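Chemist: So the sequence lines, in the order shown, correspond to chains C and E. Every number in the working numbering is 21 more than the matching position in the first sequence, counting from 1. Every number in the working numbering is 21 more than the matching position in the second sequence, counting from 1. Pasting in a structure now, in structure tokens, and then I'll have a few things to ask.
Protein chains: 2
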Amino acid sequence: MVATDAPKLGIIAGAGILPRRIADRCLARGRDFLLLLLDGHADPALQSGLAFQTVRLGAVGEIFDRLRKAGCREVVFAGKVERPSWRALRPDWRAAKFMAEFALKADKGDDALMTAIVAACEAEGFVVRAPSEVLDEDRLASGPLGRLSPTVEQSADIALGAKVARTLGRLDIGHAAVVQDGLVLGVEAVEGTDALIERSGKLRRDGAGPVLVKVSKPQQESRADPPTIGPATIACAAAAGFSGIAIGADSTLVIDLEATVAAADKAGLFLVAIETGE
Amino acid sequence: MVATDAPKLGIIAGAGILPRRIADRCLARGRDFLLLLLDGHADPALQSGLAFQTVRLGAVGEIFDRLRKAGCREVVFAGKVERPSWRALRPDWRAAKFMAEFALKADKGDDALMTAIVAACEAEGFVVRAPSEVLDEDRLASGPLGRLSPTVEQSADIALGAKVARTLGRLDIGHAAVVQDGLVLGVEAVEGTDALIERSGKLRRDGAGPVLVKVSKPQQESRADPPTIGPATIACAAAAGFSGIAIGADSTLVIDLEATVAAADKAGLFLVAIETGE
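If you want it as structure tokens, here you go:
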């Protein structure tokens, strides 16, 4: 994709640094964009120096209007968005229609929700891009990303964690599992990876610390809500006494790869990309 | 089983009220028993009025010696035992031998551990009984146990939770899942059900509260560490804003059924036994 030929991009921004990274990449390539911060989810302080607008998550009709008025033909969802309660959502007519349709579905997991959101955007005429597409980064080669490698025992824990995480993913529950010496200390549902790391760290045993394994759901709509890690994940895992992190080479988005690898090296954690094929 | 014909029972006691219930049942039936409290796991305060001995979990040789000297031919494991660190365990020779053998196994989940412990007891000549066998309680009929029943929506959540919990159980991870309106809020690994309830309660959405589903692992060695609930589980779920609890009719042990049902009724929670067949 030649960046300057690319149509104007609508960045619908949730929490964390990912929306900013995408905006920065657009700037570097001379691609026009509209940065829409979801009020209460995205952090305006992270966007310093960038032009942005703020919009309510529940104002779906307005989001579509603004995207169209700005001439955006493509959109990307970037950054975690906590599911609000119906009351906090204060849905406009378009959001209420969407929620009513979604409420009728049997599976209401995060992946089912994101798939429905992507479908709704496409029905409105937008092309939905994955963050990794927009960032246009190379797929990670499998193997250690930093200085350290897992031991044979840790590799066995990674294999177990990947099996567990993929099984959870198949049920649309979560992306991550924590394993130490053959024992699954924790599995992720909606609490998020940092909370999983903290909780599992408190349950860890003596010896080499636990391993975090984070991979995509096998059936995942990868354009929305891909599993991500970044320097903050490394800091969290190091503080909790972990020995390393394994991610899906083809599916897990590393936010600021260079800084993440440097943080892992500095903290003495291994960081390894693994194949998670079906 | 005519109780007074039953051989002397060794009760190896971990946390909670279950060991006491088993001892009380033995007393009521005139069955001899030896109550061995695992130091740091069982609560002596819960055994008031009962004769007991205290023994270290790591002193496995001594545990076998005491059981034999007391003339116990059958043993029952009752009450949760947190896995200690190797250092805290201070294993005697017999425990070290067991741990060394177990360390070589690929699967080190709780069920694998309990299966190995049962096998070790049997190799020493003891018959291992399930708590439910010793309590000699009727299998629960499936259906509501108290005054309240789940709604149609909650029944769907129970079905999803049972599917998730059984899948986790098949991987020897945990017994329980928490579901609210089609969304899996939390899944249990080694943190225990009360911790799962508290955590998931904080993640709950508006509307009817979440449902806890707790069932046995499909392949579980049910003589050791069966999933249990009791009045304390009801109190925990009520405090966390849950709407009810579903348990496996054939596999989940309800400690003090009458008090548990009364507590559920009083707290406005449904409590339902479900079939979880393969």
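Even glycine gets a Cβ: it sits at the ideal position worked out from N, Cα and C. As the structure is a computational prediction, the values presented were derived from the model and not from experiment.
Which of the three DSSP states is assigned to R150(C) in this structure?
Modeler: One-based indexing of the first sequence puts residue 150(C) at position 129. In this structure, R150(C) counts as strand in the three-state DSSP scheme.
Chemist: So what's F119(E) in DSSP terms, helix, strand or just coil?
Modeler: As a position in the second sequence, residue 119(E) is number 98, starting the count at 1. Residue state, collapsed to three classes: helix.
Chemist: Can you tell which of P40(C), L181(C), R168(C) has the C-alpha that lies nearest to the C-alpha of A127(E)?
Modeler: Looking up residue 127(E) in the second sequence gives position 106. Comparing Cα-Cα distances from A127(E) to each of P40(C), L181(C), R168(C), the minimum goes to L181(C).
Chemist: Look up Q240(E) in the DSSP assignment and say whether it is helix, strand or coil.
Modeler: Walking along the second sequence from the start, residue 240(E) turns up at place 219. Correct three-state label for Q240(E): coil.
Chemist: Rank L274(C), L292(C), S237(C) by C-alpha distance to the C-alpha of A255(C) and give the top, closest one.
Modeler: Position 234 of the first sequence holds residue 255(C). Inspection of the sequence shows that residue 255(C) is occupied by Ile rather than by Ala. When only C-alpha atoms are compared, the closest one is L292(C).
Chemist: Consider the Cβ of G289(C): report whether some Cβ of chain E lies at a distance smaller than 8 Å.
Modeler: Along the first sequence, read from residue 1 onward, the residue named residue 289(C) stands at position 268. By this cut-off, G289(C) is not an interface position.
Chemist: For R42(C), is the classification buried or exposed, using 16 other Cβ atoms within 10 angstroms of its Cβ as the cut-off for buried?
Modeler: Position 21 of the first sequence, counting from 1, holds the residue named residue 42(C). Flag for R42(C) reads buried.
Chemist: For the region 220-250 of chain C, enumerate the residues whose C-beta is nearer than 7 Å to any C-beta of chain E, in chain order.
Modeler: Per Cβ criterion, the list reads R220, L224, R226, D227.
Chemist: Taking 6 Å as the limit between beta carbons, can you name the residues of its chain near G31(E), skipping five residues before and five after?
Modeler: Against the second sequence, residue 31(E) aligns to sequence position 10. The residues are L55, L88, C93, V96.
Chemist: Is W114(C) close to chain E? Criterion is C-beta to C-beta, closer than 8 Å.
Modeler: For the purposes of this step, residue 114(C) is taken as residue 93 along the first sequence, with counting starting at 1. By this cut-off, W114(C) is not an interface position.
Chemist: Taking 8 Å as the threshold (beta carbon to beta carbon), is W136(E) in contact with chain C?
Modeler: Against the second sequence, residue 136(E) aligns to sequence position 115. The question names Trp, but residue 136(E) in the sequence shown is Thr. T136(E) does not count as touching chain C.
Chemist: Counting Cβ pairs closer than 8 Å, one from the region 114-127 of chain E and one from the region 147-164 of chain E, do we hit at least three?
Modeler: They do not touch, by the three-pair rule.
Chemist: Under 7 Å between beta-carbons, which chain C residues line up against E212(E)? List them in chain order, please.
Modeler: Position 191 of the second sequence holds residue 212(E). In chain order: G207, R220, L224.
Chemist: Using a Cβ cut-off of 8 Å, pull out every chain C residue sitting near I33(E), in sequence order please.
Modeler: Indexing the second sequence from 1 puts residue 33(E) at position 12. Under the 8 Å cutoff, chain C gives no residues; its nearest Cβ is about 21 Å from I33(E).
Chemist: Should V148(C) be flagged as near chain E, meaning a C-beta pair shorter than 8 Å?
Modeler: Along the first sequence, read from residue 1 onward, the residue named residue 148(C) stands at position 127. Answer no: the Cβ-Cβ gap between V148(C) and chain E never drops below 8 Å.
Chemist: Contact between the region 134-152 of chain E and the region 61-80 of chain E is defined here as three or more beta-carbon pairs at a separation below 8 Å; is this criterion met?
Modeler: Touching, no, given that fewer than three Cβ pairs across the two stretches are closer than 8 Å.
Chemist: How far does the alpha helix (DSSP H) with K235(C) in it extend, from its first residue to its last?
Modeler: Translated into the one-based positions of the first sequence, residue 235(C) becomes position 214. Note, K235(C): premise wrong, no alpha helix (DSSP H); beta strand (DSSP E) at 232-235.
Chemist: In the DSSP assignment, what are the bridge partners of F291(E)?
Modeler: The sequence position of residue 291(E) within the second sequence is 270, counting from 1. DSSP lists G265(E) as partners of F291(E).
Chemist: Go through the region 78-106 of chain C residue by residue and report every complete run of the beta strand (DSSP E) that reaches 3 residues or more, in order.
Modeler: Whole beta strand (DSSP E) segments, 3+ residues: 95-99.
Chemist: Say whether chain C places a C-beta atom closer than 8 Å to the C-beta of D202(E).
Modeler: As a working mapping, residue 202(E) is identified with position 181 in the second sequence. Closer than 8 Å: yes.
Chemist: With a threshold of 16 other CB atoms inside 10 Å of the CB of T273(C), please say whether the residue is buried or exposed.
Modeler: Residue numbering aside, residue 273(C) sits at position 252 when the first sequence is read from its first letter. Classification of T273(C): buried, given that the 10 Å Cβ count is 16 or more.
Chemist: Strictly under 8 Å for the Cβ-Cβ distance: is A127(C) near chain E by that measure?
Modeler: Working through the first sequence from its first residue, we reach residue 127(C) at position 106. Cβ-Cβ to chain E under 8 Å: yes for A127(C).
Chemist: Once DSSP output is grouped into helix, strand and coil, what is the label at T75(E)?
Modeler: The residue labelled residue 75(E) in the question sits at position 54 within the second sequence. In this structure, T75(E) counts as strand in the three-state DSSP scheme.
Chemist: With distances taken between CB atoms, is the gap from V185(E) to A198(E) smaller than 8 Å?
Modeler: In the second sequence, the residue the question calls residue 185(E) occupies position 164. In the second sequence, the residue the question calls residue 198(E) occupies position 177. Closer than 8 Å, so yes.
Chemist: Can you tell me whether P112(E) is buried or exposed? The criterion is at least 16 other CB atoms within 10 Å of its CB, across all chains shown.
Modeler: To locate residue 112(E), count along the second sequence from 1; it is residue 91. Burial call: buried.
Chemist: Kindly indicate which residue of A63(E), D202(E), C142(E) has the alpha-carbon position closest to the one of I84(E).
Modeler: Your numbering for residue 84(E) matches position 63 in the second sequence. It is C142(E).
Chemist: Spatial neighbours of F147(E) within its chain, please: C-beta separation below 6 Å, excluding the five flanking residues on both sides.
Modeler: Taking the second sequence and counting its residues from 1, the one referred to as residue 147(E) is at position 126. The answer, listed in chain order, is V96.
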